Each structure stands twice: as structure tokens, then as C-alpha cells.
Amino acid sequence: MGPGYEGVFVVGAGQTAYEKRTEKPVQRLIWEAADLALRSAGLGFRDVNGLGITCFTLGPDNVTTMTEHMGLTCRWLCQGLYGGASGISAMLQAARAIQHGDADVVVVLAADAFDVSSHMSMNRNPGQHDYMGPWGYGAANGVFAMQTRLYMQEFGATREDFGRLCIAQRENAMLNPNALLRTPLTMEAYLNAKPIADPLRLFDCVLPCCGADAVVLASEKVARGLDVPLLRILGGGEMHNYPADDIYGFSAGWEMFRDRMWSTAGCGPREMDLVQLYDDYPVMEFVQLEGMGFAPRGGAGKLIRDNDCTVRGTLPINTGGGQLSAGQCGASGGMIGVYELVTQLRHEAGERQVAGAQRGVVSGYGQVSYGRGLSASACVLGRA
Amino acid sequence: MNAMKPMPRLTAINRPFFAACDAGELKLQRCLACHKHIYFPRICCPHCSGGDLEWVPISGRGTIRTHTLVRRPQHESFFPEAPYTVLAVTLEEGPLMYSRLTTPVAEDANLIGRAVRVVFSEEAPGRRLPFFELA
């Protein structure tokens, strides 16, 4: 059991509109998400003294110049560099800062403004750019097509197994007014969609878009003065470059920190009312379910077959539709699940509310390099 | 005229690898401490974190760990060649190398475990890269 996160509360969350294109600079999207999150907490920008930002398209700005743009004076900053694992990682680090008095109110957010072409041509790390790019690897679609094919071969998973999860998420998205893809998805349409990088087809791949997600963390002293539902961080963890010597280990480290995370939280997978997974590709959702202990290695397909993953089901997953149906705003894909989990636990999810949700887990994954993502994170949240 | 293909950014660390490829030879770094082969080119040994490395020729043989048929390349320069097969090859010496298959195969072929050997393909003027053919 690790040290807990006593004295820290999640008090707000905000999400901008998700749009296929926008004229707005990403800096404005960051402000919008921060503004929405602070309003949901009953706080204002003058209350903020900590800021964490993850954003691929922020340069030449950075988290420090963003304090200048927004007129904030901060004593704690964090610029996330782990892609889709960063949002949760920054929350866990912010919680430690708040526990030790280094900050009182921290906004953690992620944002990006991408379309398909700009996402394909983004500046990439050496593992991808220099040792995959010159061979025409197909960007992330190629990377995860190779992961998916090997996973299917090793564990006997089928396209239908992945399809069931994608279809459940689409059903959830149909209840989310901010999701970009809200038309019903049938198994036939999933299986016969346009091939992208075999075995991946169109609905295995996210829709790059523009938007931002944010949460607000506060000290107990601040939180007790607010008239909003209070959430606690029950446990969490992160891991980077695991396993160091195997690109096809079907893990990024969740199983290395899950026991500590669950024992700190005092609960386990069976006690979760809902799950938010990093769904850049369905195969990685399977890997996260297995890594966090919801199923044995190779057993996620059976788990999905045995459960209903919609908001009315036995194992609600990605209750807002996830990146696969709501859209992936670049690095904000690492926080769409955080926004969704906080909104659900505050019982503010409207038509897609999971009835009586008390506890949930959200995971992050990112920094795709040579053949795989290097960073994994997760945290468990619960109503205080 | 198609756009130029994206080529690797050359550094003091990786230049010997690409120079050997241009000469039609596959060379990898090997760690003088733990004797393991290394790919992609590194600043130090990723197996033992030691800093003394040498460049050695390798066999050019390996087996396909996994693969995909890329239909939507990441850069327009590849569009005329698509679809094509991208490979993850486990080299006989240990490391995993991403590359392309030159042998024509059925679109739905399962190539996992198939033996391959290196060939070199000129992908930009004067720049040859290691591709693989079925052995």
C-alpha cells in the first residue's frame, strides 16, 4: 500500500466543444476548458496557484507563458510530456504538491487542435520519425495495427471482440451531446468499414479533432468552502518504458503498479461502477483492462463478451463515447476520461449518467515511440 | 513529381548505420560490456546502460514478428506505393527492426514467423534503406 491522497479533492471539471476544425488557437481552447472547470468548482482564475498543461501543439508557448497569457501567478507548474498518460500523471503530482502545501488550487488540463493531415504530419520523436517514418509505417495506425495483429494471433481475439467494445462506446456517445460520432454503429458496418492498416479499419481509429479537457484539484481547506460534490483520489500510479526490452509485451506497466494502486484505494476492479480507458485503439483498451486486473492476460475479449459496456450495463466503459466516438483532441485524449469520470461521479452526466456511480478508474497511455507507447498511468476516484 | 520521402535526421550516433546501408551492408551497434546487439542506434546500451559500443556487421536474416498492410501512409510521398506491407522483423542477432516487405504477397496473408532476409532499396537519391524479402 502506498501513501494516500488525503487532504486533496477533485472539485471541478470542464470540457470545450469538440470540433473537427476550429479557427481558435489552442491557447484559447486551454482558457475555455480552464474557465469551465473553475466555474464548475465555484472558483475563479484568481484562486489558482498551480497549473499543469499537456498539449502537442502548444509550442512555441509552454506552461509558463500560458500563465502569462491567462494572468495567473503560480507557485507550481507542470508541463506534461507523456502524451495521453500525462493528464493523470499531472493530477497525481499536483495532489502531492497540494498535500505538502506547495499549491492550494491546481488546474490540470490538456488540449490540442488537430485534423487528420496535421496529426499525420506532427513532429515526432526519433523512434518513430527516424526508424519507422522512412519506411512509410503509417503513423500510429501502423504501429497499433502491428500490435493488434500480434495480440489477435497470440490470444485468439477476433475483430468481433474489438467491435463489441467500439459499438458499446458508440451507444454511449449517442447520449453525449459533445461527441462527434453519434450515429448508430452496427457490427456489419464495423467489420466492413474502410481498411486503414490491416487488421485495423476505420472505426478502430480515432477521429483527430480540436478541443480541451480540464480538472481542478484543491486542498481540503479550499474544498470544504465549496458547494459542489467533492471527489477523492483513492489511488494511482504511473510507469514508463516497461517492459524495457520488449516492444510486444502487451503492457505499458499497469500490472506493475496496479496492486499498489488498488491497495491504496482500498478497493479493486470489482468495486468500480465505471471505467474510463485510453482508447486510441481497442487493442490498447484490452491491454489496460488486463493490466489493471479486470481480466487475465488475453482475457479482455471474454470480459467484453460477458458484459454490457454501455452506461446501463454491467461494466460501463468510456461512458461519453471515448476518443473512438467523441473524438481525440491530441493530448486531450489523455484527459477525456478524467473529465468523463469526474462528471459521472458528480452525477452531472445527464442522459448518459451511470446510476448512483460512487467509484471509478481512469487510465492513460501515451508517448508513442518505437513500436509502442512508453507511458502508462491510472487513478481511482471516488465520492468523498 | 512526388514529394520527397521523409528521411532520418542524421546524427553522430546514427550516421554509421545509414552509411553502412548506403554501402549495401547491415551493421548494428554492439555493447562491449554485455555483448548484446542494439537497434535502433543509441547513445548507450539500452540493455545494460553501458557506454562502450562498437559497430559490427550482422547476418541480415530474421523472422517476422508482426506486420500490417498500410493503406493510408503517414506522408504523401508514399501514396503511389500503397498499399504495402510494413514489417516488424526480429533479427537473428536479437533486436527488432521495422521495415518493408519487397516480396509480393496476398493482402490477407499471415506472415508472422516467416523467415526474411535483407535487401537494400534506394529511397532517396544516394540513400539506401534496409527492406526485407521472404527467404
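Protein sequences, first through last, are from chains A and B.
Per our numbering, the first sequence runs over residues 1 to 384.
Per our numbering, the second sequence runs over residues 1 to 135.
Even for Gly, the Cβ is constructed at its ideal location relative to N, Cα and C.
A quick note: this is a predicted structure, and the numbers were derived from the prediction, not measured.
Let me check one thing: in DSSP terms, what residues is residue i bridge-paired to?
i      : result
L96/B  : T90/B
S121/A : Answer by DSSP bridge pairing: none, since S121/A is not bridged.
W76/A  : G50/A
V70/B  : A197/A and Y84/B
A378/A : G237/A and S363/A
F120/B : P130/B
Q358/A : BP columns for Q358/A are empty, so no partner.
E76/B  : The partner list for E76/B (beta bridge, DSSP) is empty, contrary to what the question assumes.
Q29/B  : I38/B and W55/B
Q153/A : Answer is none; Q153/A lacks a bridge partner.
I64/B  : V89/B
Q15/A  : D213/A
L274/A : G360/A
What's the C-alpha gap between residue i and residue j?
i      : j      : result
L101/B : T66/B  : 12 Å
A109/B : L69/B  : 10 Å
Y63/A  : C78/A  : Contrary to the premise, residue 63/A reads as Val rather than Tyr in this sequence. Distance between the alpha carbons of V63/A and C78/A is about 7 Å.
N318/A : R75/A  : 34 Å
A113/A : C329/A : 6 Å
G366/A : S375/A : 5 Å
N148/B : M261/A : Here chain B has residues from 1 to 135 only, and residue 148/B is not among them.
P3/A   : G236/A : 10 Å
D246/A : T65/A  : 38 Å
Y281/A : A357/A : 26 Å
M7/B   : V116/A : 21 Å
L341/A : R28/A  : 24 Å
S89/A  : W135/A : 33 Å
T11/B  : A140/A : 24 Å
F56/A  : H119/A : 10 Å
K36/B  : H47/B  : 7 Å
R114/B : A295/A : 31 Å
A23/B  : E154/A : 38 Å
G71/A  : T90/B  : 53 Å
H347/A : G225/A : 20 Å
M97/B  : F40/B  : 7 Å
K194/A : G127/A : 28 Å
I64/B  : V86/B  : 10 Å
V119/B : I58/B  : 13 Å
M1/B   : E76/B  : With a pLDDT of 44 at M1/B, under the threshold of 50, the modelled position of that residue is not reliable, and no figure is offered here.
Q93/A  : Y339/A : 17 Å
S40/A  : P243/A : 39 Å
P131/B : L381/A : Residue identity check: residue 131/B is Phe in the sequence provided, not Pro. Approximately 48 Å between the Cα atoms of the pair.
F17/B  : L129/B : 10 Å
E122/B : R305/A : 48 Å
A355/A : L345/A : 10 Å
M272/A : G142/A : 33 Å
A326/A : C166/A : 12 Å
For residue i versus residue j, is the C-beta distance shorter than 9 Å?
i      : j      : result
L191/A : R232/A : no
E290/A : F257/A : no
C21/B  : G50/B  : no
G337/A : G299/A : no
Y95/A  : V8/A   : For the record, residue 95/A in the displayed sequence is Ala; it is not Tyr. The answer is yes: Cβ separation under 9 Å.
G14/A  : A33/A  : yes
G52/A  : R182/A : no
A17/A  : G268/A : no
D204/A : R149/A : no
L472/A : V106/A : Here chain A comprises residues numbered 1 to 384, so residue 472/A is not present and cannot be evaluated.
C309/A : R164/A : yes
F144/A : M1/A   : no
L373/A : G84/A  : The amino acid occupying residue 373/A in the given sequence is Gly; Leu does not appear at that position. The answer is yes: Cβ separation under 9 Å.
What do you reckon, is the C-beta of residue i under 8 Å from a heavy atom of the ligand NAP?
i     : result
N14/B : The ligand NAP is not among the ligands present in this structure, which contains no ligands whatsoever.
- prompt: What residues in the region 173 to 198 of chain A bring their beta carbon closer than 9 Å to a beta carbon of chain B?
  reply: K194, P195, I196, A197 and D198
- request: Note down, one range per segment and in chain order, each beta strand (DSSP E) of at least 3 residues found wholly within the region 181 to 252 of chain A.
  value: 195 to 198, 210 to 219 and 231 to 240
Alpha helix (DSSP H) runs contained entirely in the region 285 to 347 of chain A, provided each spans 4 or more residues: 300 to 306, 322 to 326 and 336 to 345
message: Beta carbons nearer than 8 Å to chain B: which residues of the region 125 to 151 of chain A have them?
response: P126, G127, H129, D130, Y131, M132, G133, P134, W135, G136, Y137, G138, A139, N141, G142, A145, M146, Q147, R149 and L150
Contact list for the region 96 to 111 of chain B against chain A, Cβ threshold 9 Å: L96, M97, Y98, S99, R100, E107, D108 and N110
query: In chain order, what residues of the region 215 to 249 of chain A put their CB closer than 8 Å to some CB of chain B?
result: A244, D245, I247 and Y248
task: Pull out every residue of the region 100 to 125 of chain A whose Cβ sits closer than 8 Å to any Cβ of chain B, in chain order.
output: If the cut-off is 8 Å between Cβ atoms, the region 100 to 125 of chain A has M120 and S121 near chain B.
message: Threshold first: 4 residues or longer. Then list the alpha helix (DSSP H) segments lying entirely within the region 18 to 71 of chain A, N to C.
response: Within the region 18 to 71 of chain A, the runs of alpha helix (DSSP H) that reach at least 4 residues and sit entirely inside it are, in chain order, 26 to 41 and 63 to 70.
field: Unbroken stretches of the beta strand (DSSP E), 3 residues or longer, contained in the region 82 to 120 of chain A
entry: 105 to 113
query: If you measure beta-carbon to beta-carbon, which residues of the region 52 to 67 of chain B are closer than 8 Å to chain A?
result: R65, T66 and H67
- prompt: Closer than 7 Å, Cβ to any Cβ of chain B: which residues of the region 343 to 372 of chain A, in chain order?
  reply: Y370 and G371
field: Members of the region 112 to 135 of chain B near chain A, C-beta cut-off 7 Å
entry: I112, E123 and L129
query: When Cβ atoms are compared, which residues of the region 26 to 53 of chain B fall closer than 9 Å to chain A?
result: Y39, F40, P41, P46 and H47
message: Using a Cβ-Cβ cutoff of 9 Å, what residues of the region 311 to 337 of chain A are near chain B? List them in chain order.
response: none
- prompt: Residues in the region 2 to 20 of chain B with C-beta within 8 Å of chain A's C-beta atoms, listed in sequence order?
  reply: K5, P6, M7, P8, R9 and N14
message: Please list, in chain order, the residues of the region 271 to 287 of chain A that have any C-beta partner in chain B closer than 8 Å.
response: none
query: Looking at chain B, which residues of the region 13 to 34 of chain A have a Cβ within less than 7 Å of any of its Cβ atoms?
result: none
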